[in-house]
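Report on the following structure.
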Amino acid sequence: MKQTKTLFSGIKPTGIPHLGNYLGALKNWVELQTSYQGIYSVVDYHAITIAIEPKILKQNTIITAKILLALGINPDIATLFVQSQVPEHTELAWIFNCLVPVAEMERMTQYKDKAKTHKQNVNMGLFDYPALMAADILLYQAQAVPVGEDQLQHLELTRLIARKFNQRYGQFFIEPQALITPAKKIMSLQNPDKKMSKELGEANYISLLDEPNIVIKKVARAVTDMGPQENKMSPGVKNLFDLLDYLEQKETYQNLQKEYKQGKLKYSDLKTAVSDAINQTLKPIQNNYNNISDQAVKTILKIGAEKAREIASKNLIEIKKLVGFI
Ligand code: TRP
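Here it is, written out as structure tokens:
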């Protein structure tokens, strides 16, 4: 059955996603594709706001799309495409550039953070990123946008842009709603007070393509206790329990929790349970991944871009009429 509500989300091609990306966001994308008309994009125009080698960008784009397919994004019911193959995104972003006040852009915390960490390359694209993101979403008249909390500010700006456009040119855009992923935050294995992220280094995260023995090793080395914690579960141990919970190991979770409360829990048992659960989850994903050829991915993406363009170009024609282009 064709779903009537449209959902859009984007992922930057930064290489192999990690377990935190999967449990915190991508798993939700797969689930949502049955209740919405899902449009999912590998947003490569966003990726070049940070300097990246062309060869690496190409590789990362294919890897990211392949992972999405391996996780269960179904190109027969959802649309999966690469942003740069649908030129309407950047066209609409220009129109939005001429609506959005510089002062609003200057408030964006992601920009401020990135400008600090990439001092040598504070380019206009990095600053303008939220206008392109607004174009991604509004181009498809998406009602729902699954994002993490870090993207809420961008989504609020998207809603502001929609309102400004409607005020100036007449009602066209719907203000999209954020679908916040139920708080499933996976922390780093080595720094359990920080979110799992590739920037922290190999030992801190589980890549979705990590082999079973690597998973076992990384989990075995995960930080558990970090000095005395007055009667409180330490963040590292809590993270391991959270992983069991999110990986739907209800029974094991309860048993080990009981042992923990009785002061009998051996962390090595907890770690074995966690790495077993992770490997069990990753196995089918990795099998799927290895069974998709790069060529097959490219074909799926091409068809996806055609499907996306059908909607995008129709909407952009209307938008351009409203703006006064002849
Ligand atoms: N900015 C998002 C991120 O960093 C990626 C993104 C780009 C996106 N365009 C989007 C997310 C549109 C949702 C909708 O994660």
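Residue 48 is where the sequence shown starts when you use the working numbering, and the numbers rise one by one after that. C-beta atoms are modelled at their ideal positions from N, C-alpha and C, and glycine is treated no differently.
Report yes if the CB atom of residue i is closer than 7 Å to the CB atom of residue j, and no otherwise.
i      : j      : result
Leu290 : Leu303 : no
Ala189 : Phe55  : yes
Phe143 : Ser88  : no
Leu179 : Glu135 : no
Ala181 : Leu199 : no
Leu363 : Tyr216 : no
Lys161 : Ile339 : no
Gln50  : Gln106 : no
Asn75  : Thr228 : yes
Ile110 : Val344 : no
Asn168 : Ala98  : yes
Does DSSP classify residue i as helix, strand or coil?
i      : result
Lys265 : helix
Gln333 : helix
Thr137 : helix
Ser322 : helix
Val77  : helix
Thr164 : helix
Phe288 : helix
Thr108 : helix
Thr1   : For the chain, the structure presents residues 48 to 373; residue 1 sits outside this window and is missing.
Ile58  : strand
Met234 : strand
Val370 : helix
Tyr87  : strand
Ile227 : strand
Val192 : strand
Lys245 : helix
Ser340 : coil
Thr299 : helix
Thr96  : coil
Leu156 : It should be noted that the sequence gives Thr, not Leu, for residue 156. Here Thr156 sits in helix by DSSP.
Ser82  : coil
Gly51  : First, the amino acid is wrong: residue 51 is Thr here, not Gly. Coil, per DSSP.
Ser281 : coil
Using a Cβ-Cβ cutoff of less than 7 Å, which residues in the same chain neighbour residue i once the five nearest sequence positions on both sides are dropped?
i      : result
Pro177 : Met152, Met155, His201 and Leu204
Glu138 : Leu363
Lys59  : Val90, His93 and Ala94
Thr271 : Ser281, Gly283, Val284 and Tyr314
Ala250 : Leu236, Gln237, Lys265 and Arg268
Glu306 : Leu312
Pro331 : none
Tyr336 : Lys113, Ile114, Ala117 and Leu256
Sorted by chain position, which residues of the same chain lie with C-beta nearer than 8 Å to residue i's C-beta, five sequence neighbours on each side aside?
i      : result
Val262 : Ile253, Ser322, Ile325, Asn326 and Leu329
Asp175 : Ala140, Asn144 and Met152
Lys354 : Thr126 and Phe128
Leu409 : For residue 409 there is no data in the structure shown, the boundaries of the chain being 48 and 373.
Pro223 : Phe55, Ile184, Leu185, Ala189, Gln190, Ala191, Val192, Leu202, Thr205, Arg206 and Ala209
Phe219 : Phe212, Asn213, Glu365, Ile366 and Leu369
Ala170 : Here residue 170 is Asn; the residue named in the question, Ala, does not match the sequence. Answer for Asn170: Thr96, listed in chain order.
Gly195 : Gly71, Ala72, Ile227 and Thr228
Gly375 : The structure shown does not extend to residue 375, since the chain is modelled only from 48 through 373, so no value can be given for it.
Report, in whole angstroms, the separation of the C-beta atoms of residue i and residue j, which I expect to be a contact under 8 Å.
i      : j      : result
Gly351 : Pro122 : 6 Å
Leu66  : Met243 : 7 Å
Lys231 : Leu118 : The Cβ separation is near 15 Å, so there is no contact.
Ile120 : Val77  : 6 Å
Gln157 : Ile124 : That pair is no contact at about 31 Å.
Here's a check: name, in chain order, each residue in its chain whose Cβ is nearer than 6 Å to the Cβ of residue i, leaving out the five neighbours to either side.
i      : result
Arg356 : Val133
Leu287 : Leu317 and Val321
Ile86  : Phe55, Thr126 and Tyr187
Pro64  : Ile114 and Leu255
Ala359 : Val133, Glu135 and Leu186
Gln296 : Ala324
Gly172 : Thr96
Leu73  : Leu118
Gln130 : Ser88, Val90, Asp91, Tyr92 and His136
Pro259 : Asn326
Gly62  : Asn107
Gly57  : Ser88, Val90 and Asp183
Hey, is the region 231 to 238 in contact with the region 297 to 313, meaning 3+ C-beta pairs nearer than 8 Å?
Segments in contact, no.
Does the count of Cβ pairs from the region 206 to 225 and the region 91 to 100 closer than 8 Å reach three?
Counting Cβ pairs under 8 Å, fewer than three are found: no touch.
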